[in-house]
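Sequences listed follow chains A and B, in order.
Under my numbering, think of the first position of the first sequence as 2, with each following residue one higher.
Under my numbering, think of the first position of the second sequence as 2, with each following residue one higher.
There are 2 protein chains.
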Amino acid sequence: MYFCKEIIHSSMKKNLVVLGSGFGAFSVLKETDTNLYNVKIISPRNHFLFTCLLPSTTVGTIEFRSIIEPIRNIKDAEYIQAYCTGISENNNLIYCKDTDTKKEFEIKYDILVISVGEITNSYNIEGVNKYAYFLREVADARRIRIKVIDCFENASLPGLSEEEKKNFLRFFVCGGGPTGVEFAAELHDFIEEDVRKKYRGFEKLIEIILIEAGDKLLNSFDAKLSEYTLKIFKRQKINVKTNSYITRVTENEIFVNDGSIYNYGLLVWAAGNTATELIRNSTLPKNSRNKLIIDHYLKVNGSANVYALGDCTEIPDEPFPVTAQTAQRQGKYLGKALNKIAKGKEIKPFKYKDLGMLAYIGSHKALANTNQYKGSGFATWIFWRSVYITKLVSLKNKILVLFDWFKTFVFGRDVSNF
Amino acid sequence: MYFCKEIIHSSMKKNLVVLGSGFGAFSVLKETDTNLYNVKIISPRNHFLFTCLLPSTTVGTIEFRSIIEPIRNIKDAEYIQAYCTGISENNNLIYCKDTDTKKEFEIKYDILVISVGEITNSYNIEGVNKYAYFLREVADARRIRIKVIDCFENASLPGLSEEEKKNFLRFFVCGGGPTGVEFAAELHDFIEEDVRKKYRGFEKLIEIILIEAGDKLLNSFDAKLSEYTLKIFKRQKINVKTNSYITRVTENEIFVNDGSIYNYGLLVWAAGNTATELIRNSTLPKNSRNKLIIDHYLKVNGSANVYALGDCTEIPDEPFPVTAQTAQRQGKYLGKALNKIAKGKEIKPFKYKDLGMLAYIGSHKALANTNQYKGSGFATWIFWRSVYITKLVSLKNKILVLFDWFKTFVFGRDVSNF
């Protein structure tokens, strides 16, 4: 009898389909009660990534697997490793394509949650897609880590002139937001703490150039903190070029708008985001920047059963900062709201409370830009580490990151290349 | 004055060039006194790899970076990330090609040590190079780990027949030596301990097939241990096909000599080794299997200043087992011998003492095949772990591997795919 009851119950549950496995989607999944919904997750990435610590993995301060959590660890939800290639709102179904075998298939939904984030924007600048390294996924961080070491190994080859060595050791970072700043900071630490020992005599040949189109770094932070960052970067010999942008990239050269041309070893591109192909091609209501227009209940405008959240969305009269924090809070709200809806309870609109931002700027210094506290320096770095250890999504992640920090402190960063 | 003395001293030291970064080369490097030689290491791989534990990394029992050690951690030796493409004995120089930028250059030597190992032998069987996964380097293990997870994700796609799922979940291992056996064992453990929880309902669809051309597994082990392995593998539902070999591989099918054809998800190829291109094309004296012929002082026959050791060599009247152990002992001997030669001391020929072999066969069971002790089972598995922890080349490696074992025990293996 129990068995039959279960089956009936399961077939009566609505099909909730979630697109994505980032902060938004992961939070929806964690909150949603699988006794109330049949939950399906569609994402090409079978794990959640704690992006806030991604820059630390590019040089091995933290290992890749320490900040990811398999989606399959969420029990009773069905995960499908595939891209969503299209949405048919009229038929309540989505079109999918598997990442490995490229098999195509459709999935029916009763309720759809779109939390696919955005992709890196190359602004159609020539050569960027081909030669620049993006920093968005763990695989990106791994590619950067390999390339950074290759730059040092290349500069170690015999018979090179000082100029040739310098060219291999010129690291370009495009974008003065948190990702670009934190990558530059991590690279600086790596050079300071590890390269000195393992690639001797290179200190004076290395150059880090951080290029930003706006007139200051970390635009979303307090002006004082932004200036402090500039001061620290100057001391760290990170060459910051504001009001500048890259106009073209070739295999060996970077062209800047002021007419200067640089040879380079590595170009990391963290200059901004843009809509995914799915959203760009979608017929759902969007604004001029290709963001889905949602209401205060995170429902896509004019739709009865399609919700959206995170970077790929905007609430017209109340745009939130495009951050992991926003996506996470929206996800948590939506998961709870969906549970209430299934139980026929009333739901309240989403309310956002900004907890502020943090950024690491190298040499054991960080920035905190919160409502209660605006600080910088070593103590803030301790605060930065404490907050992220707390925010990591699993006990395993917390233990692994703590262990990685210990390992880096004691043994230094691994320069093995594979 | 001190400074001048140092320079003169340095220019009077002989140039010792070591090719490779495996067990043989690494042991030479560890022993050689850099006060006596200017040491240069040429290898495309900038790290030493403890290959004995490589199968454990293919499913995440141990992480990749836990069993590698950067060559640059050896102080006062110059490392160059490049392939050696040729040796000109008459001119005492080698030709090199950098791995990343493909730049070509030459390096002079006074003494050359060749320890380049071997590569995987595909026996020119159609499709093997294209579709099979070798298991030799950390990058190979990473590719296998990604593919294993992809097989499970592919089998989880909606709308598949049971037959289609089975095809994705048929894992083929070619080669019944230690590498093939240990990979099959690790894969079994992964399925038993992790897949059951994270990919439910797959247990009965999975098949592991281990194919071996000879009439038994682990040919170099005692017959009883070989039979024991067969018994355990039967219990673990690993399908062992002895006296069988693969005749052709396509994208989806494996053709076996008995006429059977299998669809498959992954083919791991560990069927034997063959000479590298460098050795094959070299004019140094070789035997019929393209192994460099060396004497009891590890000197290449007829050469005054070229030494060779490890898998790529053979002493005609006393062939040693082709193992990491042999290479390591030869490397240690040669490093010490070179120090003595530089000091004008007499050297004795290399003496080999076999310490025996170990292998992991899954389900917390291992084999030990030593002179003093031939054992198998759980206690031997504890012994197996203790020996390898002892043999790992650095304190960092020891701590990391212990931590990985703890992590796998507590949290299971990570199925994140990137």
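Just so you know, even glycine gets a beta-carbon here, dropped at the ideal spot from N, CA and C.
Small disclaimer: the values here were computed from a predicted structure and weren't measured.
Do you know offhand how far Thr371 (chain A)'s Cα is from Leu356 (chain A)'s? Taking the first residue of the first sequence as position 1, residue 371 (chain A) is located at position 370. Taking the first residue of the first sequence as position 1, residue 356 (chain A) is located at position 355. Approximately 6 Å between the Cα atoms of the pair.
Once you ignore the five residues that flank Asn264 (chain A) on each side, which residues in its own chain have a CB closer than 7 Å to its CB? Residue numbering aside, residue 264 (chain A) sits at position 263 when the first sequence is read from its first letter. Hits under 7 Å: Asn168, Arg171, Asn253, Glu254.
Quick check: the Cα distance between Glu315 (chain A) and Tyr229 (chain A), rounded to an integer number of angstroms? Here the question's residue 315 (chain A) lines up with position 314 in the first sequence. Here the question's residue 229 (chain A) lines up with position 228 in the first sequence. Cα-Cα distance, rounded: 32 Å.
Does the segment 398-405 of chain B touch the segment 53-67 of chain B, meaning 3 or more C-beta pairs lie closer than 8 Å? yes
Could you check whether the Cβ of Glu138 (chain B) sits closer than 9 Å to any Cβ belonging to chain A? Taking the second sequence and counting its residues from 1, one reaches residue 138 (chain B) at position 137. It does; some Cβ of chain A falls within 9 Å.
Output needed in chain order: residues of the segment 135-161 of chain A with a Cβ under 8 Å from some Cβ in chain B. Glu138, Val139, Ala140, Arg143, Ile150, Asp151, Glu154, Asn155, Ser157, Leu158, Pro159, Gly160
Which residue from A:Val250, A:Thr251, A:Leu231, A:Glu70 puts its Cα closest to that of Lys431 (chain A)? This structure cannot settle anything about residue 431 (chain A), because the visible part of chain A is limited to 2 through 419.
How should Leu188 (chain B) be labelled, buried or exposed, when 16 other C-beta atoms within 10 angstroms of its C-beta is the threshold for buried? Position 187 of the second sequence, counted from the start, is the residue given in the question as residue 188 (chain B). Buried is the call here.
Just by C-beta distance, which residues in the segment 94-106 of chain A are closer than 9 Å to chain B? Cys97, Asp99, Thr100, Asp101, Thr102, Lys104, Phe106
Give a yes or no on whether 9 Å exceeds the smallest Cβ distance from Val416 (chain B) to chain A. Position 415 of the second sequence, counted from the start, is the residue given in the question as residue 416 (chain B). Yes - at least one Cβ of chain A is within 9 Å of the one on Val416 (chain B).
Tell me which residues share the same chain as Leu218 (chain A) and place their Cβ nearer than 7 Å to its Cβ, disregarding the 5 neighbours each side in the sequence. Taking the first sequence and counting its residues from 1, one reaches residue 218 (chain A) at position 217. If we look at Leu218 (chain A) and ignore the five residues flanking it on each side, its Cβ neighbours are Gly177, Val182, Ser227, Thr230, Leu231, Val241.
DSSP state of Tyr110 (chain A), grouped into three classes? The count along the first sequence starts at 1 and reaches residue 110 (chain A) at position 109. Tyr110 (chain A): coil per DSSP, three-state reduction.
Against Ile108 (chain A), what residues of chain B qualify as contacts under a CB-to-CB distance less than 9 Å, listed in chain order? One-based indexing of the first sequence puts residue 108 (chain A) at position 107. Residues of chain B passing the Cβ test: Pro159.
Identify the contact partners of Phe419 (chain A) in chain B, using a Cβ-Cβ distance below 8 Å as the criterion. Taking the first sequence and counting its residues from 1, the one referred to as residue 419 (chain A) is at position 418. Correct list: Arg46, His48, Phe65, Ile69, Glu138, Val139, Ala140, Arg143.
Name, please, each residue of chain B whose Cβ falls closer than 8 Å to the Cβ of Arg73 (chain A). Here residue 73 (chain A) refers to the residue found at position 72 when the first sequence is read from its first residue. Residues of chain B passing the Cβ test: Lys199, Tyr200, Val416.
Grab the span of the beta strand (DSSP E) containing Asp259 (chain B) for me, first residue to last. Within the second sequence, residue 259 (chain B) is the residue found at index 258, counting from 1. Segment: none, Asp259 (chain B) is in no beta strand (DSSP E) and carries neither H nor E.
Test: Lys167 (chain B) CB closer than 9 Å to a CB of chain A: Against the second sequence, residue 167 (chain B) aligns to sequence position 166. It does not; no Cβ of chain A falls within 9 Å.
By DSSP, does Ala360 (chain A) sit in helix, in strand, or in coil? What you label residue 360 (chain A) is simply residue 359 of the first sequence in a count that begins at 1. If DSSP states are grouped into helix, strand and coil, Ala360 (chain A) belongs with the strands.
So is Val411 (chain A) buried or exposed if we call it buried at 16+ other beta carbons inside 10 Å? In the first sequence, residue 411 (chain A) corresponds to position 410, counting from 1. Exposed, since its Cβ has fewer than 16 Cβ neighbours within 10 Å.
When you compare the CB of Ala78 (chain A) with every CB in chain B, is at least one pair closer than 9 Å? Counted from its first residue, the first sequence places residue 78 (chain A) at position 77. For Ala78 (chain A), the answer is no, since every Cβ of chain B falls outside 9 Å of its Cβ.
In the DSSP assignment, find the beta strand (DSSP E) that holds Asn370 (chain A) and state where it starts and stops. Locating residue 370 (chain A) in the first sequence gives position 369, where the first residue counts as 1. Taken as a continuous stretch (DSSP letters only), the beta strand (DSSP E) holding Asn370 (chain A) covers 366-370.
Rounded to whole angstroms, how far is the Cβ of Val18 (chain A) from the Cβ of Ser116 (chain A), which I believe are closer than 8 Å? Along the first sequence, one-based indexing puts residue 18 (chain A) at 17. Along the first sequence, one-based indexing puts residue 116 (chain A) at 115. Val18 (chain A) to Ser116 (chain A), Cβ: 11 Å. No contact.
Interface flag, Leu401 (chain B) vs chain A, CB-CB below 9 Å: As a first step, residue 401 (chain B) must be located in the second sequence, where it is residue number 400. So, interface residue.
9 Å Cβ cutoff, Phe404 (chain A) in contact with chain B: Stepping through the first sequence from its first residue, residue 404 (chain A) is reached at position 403. Phe404 (chain A) counts as touching chain B.
In the segment 119-179 of chain A, which residue ranges form an unbroken beta strand (DSSP E) of at least 3 residues, counting only runs that do not cross its ends? 171-175
Looking only at its chain, what residues have a beta carbon closer than 7 Å to the beta carbon of Lys333 (chain B), apart from the 5 residues adjacent to it on each side? Residue numbering aside, residue 333 (chain B) sits at position 332 when the second sequence is read from its first letter. The residues are Ser28, Glu32.
Euclidean distance between Cα positions of Gln373 (chain A) and Phe384 (chain A): Against the first sequence, residue 373 (chain A) aligns to sequence position 372. Against the first sequence, residue 384 (chain A) aligns to sequence position 383. C-alpha separation (whole angstroms): 14 Å.
Would DSSP call Glu315 (chain B) helix, strand or coil? Numbered from its first residue, the second sequence carries residue 315 (chain B) at position 314. Strand, per DSSP.
Consider the Cβ of Val257 (chain A): report whether some Cβ of chain B lies at a distance smaller than 9 Å. As a position in the first sequence, residue 257 (chain A) is number 256, starting the count at 1. Chain B contact via Cβ: absent.
Can you find a C-beta in chain B that's less than 9 Å from the C-beta of Lys15 (chain A)? Here residue 15 (chain A) corresponds to residue number 14 of the first sequence, with the count starting at 1. No, because no Cβ of chain B sits closer than 9 Å to the Cβ of Lys15 (chain A).
Would the segment 191-207 of chain A and the segment 74-83 of chain A be scored as touching if the rule is three or more Cβ pairs under 8 Å? no
Output needed for Ser22 (chain B): all residues of its chain with C-beta closer than 6 Å, excluding positions within five of it in sequence on either side, in chain order. To locate residue 22 (chain B), count along the second sequence from 1; it is residue 21. Counting only Cβ-Cβ distances below 6 Å, and skipping sequence neighbours, we find Ser44, Arg46, Phe49, Ile72.
Strictly below 7 Å CB to CB, what residues from chain B border Ile412 (chain A)? For this step, residue 412 (chain A) is matched to residue 411 along the first sequence. The amino acid at residue 412 (chain A) is misidentified as Ile; the sequence shows Phe. Those are Lys397, listed as they occur along chain B.
Using a Cβ cut-off of 7 Å, pull out every chain B residue sitting near Ile474 (chain A), in sequence order please. Residue coverage of chain A in this structure runs from 2 to 419, which leaves residue 474 (chain A) outside it and unanswerable.
My guess is that Asn302 (chain A) and Asp296 (chain A) are in contact by the Cβ rule of under 8 Å, so how many angstroms apart are they, rounded? On the first sequence, position 301 is the one that residue 302 (chain A) refers to. On the first sequence, position 295 is the one that residue 296 (chain A) refers to. Right, the Cβ-Cβ distance comes to about 6 Å (below 8 Å), so this counts as a contact.
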